[in-house]
Amino acid sequence: KPICICVVCPIHSCKQQKTQDSNNTEQTPPISMADVEMTKQKVDSHQLAVDKLTYALNMIKIETQQESDPTIKQKLDKYASLLKTQLTEVITT
Numbered sequence: 011k012p013i014c015i016c017v018v019c020p021i022h023s024c025k026q027q028k029t030q031d032s033n034n035t036e037q038t039p040p041i042s043m044a045d046v047e048m049t050k051q052k053v054d055s056h057q058l059a060v061d062k063l064t065y066a067l068n069m070i071k072i073e074t075q076q077e078s079d080p081t082i083k084q085k086l087d088k089y090a091s092l093l094k095t096q097l098t099e100v101i102t103t
């Protein structure tokens, strides 16, 4: 009788799952909860900064497109450029 290698098979699926679990535990190093929480918090605050700067930059671009006064457009472009610089710094660090 040939051996079934189907993952869905009720006879062999448990055996394959156990083999996969033992392989995964041997390859991954242990990670403490403090490391996970600190990494998650760092990513969240970094992503929040990127999101806020991107939102502000997009709002300034929209205002610039809608503005008819060239002086105000020039100032808005200046602020957009400053925000782009800040956003680049946040993304690269």
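Numbering (the working numbering), first residue to last: 11 to 103. Every residue, glycine too, gets a C-beta built ideally from N, C-alpha and C. Keep in mind it's a predicted model, so treat the numbers as computed, not measured.
Closest Cα partner of residue i within the set the options
{"i": "D87", "options": "N68, T103 and V100", "result": "N68"}
{"i": "T74", "options": "L58, T98, S91 and D61", "result": "S91"}
{"i": "T93", "options": "S55, D54 and D61", "result": "Residue identity check: residue 93 is Leu in the sequence provided, not Thr. Answer by Cα proximity: D61."}
{"i": "Q96", "options": "Q57, L58, L63 and D54", "result": "L63"}
Where residue i sits in the DSSP three-state scheme
{"i": "T103", "result": "coil"}
{"i": "N33", "result": "Unreliable placement is indicated for N33, whose pLDDT of 49 sits below 50; the coordinate value is still reported in the next sentence. Correct three-state label for N33: helix."}
Original post:
Of all the alpha helix (DSSP H) runs that stay within the bounds of the segment 63 to 91, which reach a length of 4 or more residues?
Top reply: none
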